[in-house]
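A short worksheet on the structure shown next.
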Amino acid sequence: MKRKAPRASKRLKKYEEKLFVWFTASILLLVFMALGIFLINRIETKSLKDNVAAMVNGEKITIDELDQWYKLSVNPAYRDAIKKEDFLAESLIPQKLLLQEAQRNKIKADKEEVENAFGEFLIDSGLSQKEFEKKLSEDGLSINDVKEAFKQQILIDNFIDQHLLSKINVSDAEISEISQGTTSLDPLLSQEEIRKVISEQLLLRKKTEALQIYIKQLTSNAQIQLFANDEKITSFLELEDEICRENDKPVIRLYTSSWCEPCKWVKNSFDGVMRDYMKDGKIAAYHWDLDTGDNTLTEEIESGIPKGEMEIFKKYNQEATVPTYVFGCKYVRIGNFYEKNNNLDAEEQEFIAVVEKLLQS
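In terms of this note's numbering, the sequence shown has 11 at position 3, counting the first letter as 1, and numbering is strictly consecutive.
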């Protein structure tokens with residue numbers, strides 16, 4: 009028979025949950041800011057070579073390592089939402105930076121620590137070791153892969169704790185400042201209990217802030233290269249034609265119509281990706297509406313499509329259906345590829361992959 013939790017414990021738990029929401033909002037903002045800086049400013053993208061997914065301060069992250077860490081870290085149920093390239097940039101590369109710092113500072117993780125961590129994990133999972141090994145084998149992984157992951161995580165945790173988090177504390181004044189402006193949902197909750205919750209959550213927030221700032225500093229001083237994977241180009245047909253350019257920039261074209269539902273579905277995503285590249289002066293791009301003659305990528309409202317642009321449309325799609333994509337006269341696609349799964353993110357990633365390939369040519 010289950011024992012009921014004491015009322016005071018329930019009240020304390022409810023208060024913790026409410027207060028946690030407030031702290032989490034601030035923490036998430038910091039996370040996204042840090043990742044935004046990370047992705048925009050520090051990563052140089054080049055073509056894939058020698059099975060290398062990324063270089064971090066001269067150290068390789070191979071495609072095999074990326075696959076292994078992705079399978080170890082991302083539950084199969086979430087793999088459609090968390091793309092491998094996003095996992096690489098937002099998780100594995102920061103992890104590699106922290107591991108490099110741990111090794112530079114001669115941080116150790118002994119075998120007993122690793123075995124204890126693995127044992128606790130196995131108990132929490134509710135699986136026997138044989139059952140766990142079977143699940144791992146489905147992803148081509150082994151117990152040794154998991155233990156190596158725990159070893160690296162312990163190294164990072166020990167480094168962060170010793171060199172960063174152990175120096176952070178919460179003062180009585182900080183706790184009082186928050187508790188004075190906080191109203192308990194339960195009048196029976198003692199002031200001591202309230203202060204305890206505030207102290208724990210404030211410490212968590214301060215540690216998270218410090219860690220995000222530290223990762224941002226590491227990133228800003230790091231040499232990071234991502235290598236684009238040509239296999240991401242799955243929906244475009246590659247032609248033998250020469251790349252068409254304007255002012256030495258590859259020309260990207262999309263032909264749509266105002267009545268076409270697939271065109272409406274994709275137009276904002278296409279325009280958003282192309283505007284980013286145009287802003288950086290990397291490409292020339294046109295999104296022609298066949299009904300109005302307007303190029304939606306300009307502020308002006310055009311009233312007709314130039315003859316040369318229509319000739320290109322007819323050359324690459326004799327059926328004259330929409331949407332038709334002509335990327336640099338080298339990659340062509342008729343219709344949307346990911347619309348059936350309502351996956352605009354995948355469409356955008358495909359556009360980016362093709363543009364990057366053209367820029368490298």
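Each residue gets a CB set at the ideal place from its N, CA and C atoms; glycine is no exception.
A quick note: this is a predicted structure, and the numbers were derived from the prediction, not measured.
- According to DSSP, residue pairing for D297 in a beta bridge involves T264.
- Annotation for M286: A293 place their beta carbon closer than 6 Å to its own, counting only its chain and skipping 5 residues before and after.
- Here the alpha carbons of N177 and I202 stand approximately 18 Å from one another.
- Counting along the chain, the unbroken alpha helix (DSSP H) around I223 starts and ends at 199 to 228.
- Secondary structure at L144: helix, using DSSP grouped into helix, strand and coil.
- In terms of Cβ geometry, L96 and L74 form a close pair [threshold 9 Å].
- Boundaries of the beta strand (DSSP E) harbouring E67: 67 to 70, taken from the DSSP string.
- The shortest C-alpha to C-alpha distance from K159 to any of I115, M63, L144 is the one to I115.
- Looking at the DSSP output, L245 bridges to V340.
- Within the same chain, and ignoring the five residues on either side of L210 in sequence, the residues whose Cβ sits closer than 8 Å to its Cβ are F31, V178, E182, I183, I186.
- Taking 9 Å as the cut-off, the beta carbon of D180 is found no closer than this to the beta carbon of K79.
- If the five residues before and after I291 are omitted, its C-beta is found closer than 6 Å to the C-beta atoms of K257, P258, I260, Y285, all from its own chain and listed in chain order.
- For F129, the secondary structure class from DSSP, reduced to helix, strand or coil, is helix.
- Between the alpha carbons of W273 and Q103 lies a distance of about 36 Å.
- Burial of L298 is indicated by the presence of at least 16 other C-beta atoms within 10 angstroms of its C-beta.
- In terms of Cβ geometry, P331 and T264 form a close pair [threshold 9 Å].
- In the displayed model, V178 falls within coil according to three-state DSSP, outside both helix and strand.
- Between the alpha carbons of L144 and C268 lies a gap of roughly 46 Å.
- Here V330 carries a coil assignment [DSSP, helix/strand/coil].
- Judged by DSSP in its simplified three-state form, Q137 adopts helix.
- Under the three-state reduction of DSSP output, E358 falls in the helix class.
- Distances from the CA of E67 to each of I162, L105, K348 were compared; the closest alpha carbon is that of L105.
- Where V281 is concerned, the enclosing alpha helix (DSSP H) starts and stops at 269 to 287.
- Taking one beta carbon from each stretch, the stretch 245 to 254 and the stretch 327 to 347 have 3 or more pairs nearer than 8 Å; the two touch.
- For A89, the number of other beta carbons within 10 angstroms of its own is below 16, and it is reported as exposed.
- In the same chain as V60, and ignoring 5 residues on each side of it, the C-beta atoms closer than 8 Å to its own belong to K68, I69, T70, I71, F235, in chain order.
- Beta-carbon to beta-carbon, E310 and G301 are separated by about 6 Å, close enough to satisfy the 8 Å threshold.
- In the DSSP secondary-structure assignment, K257 is bridged to E254.
- The Cβ atoms of E109 and L226 sit closer than 9 Å to each other.
- Straight-line spacing of the CA atoms in G134 and A125 works out to 15 Å.
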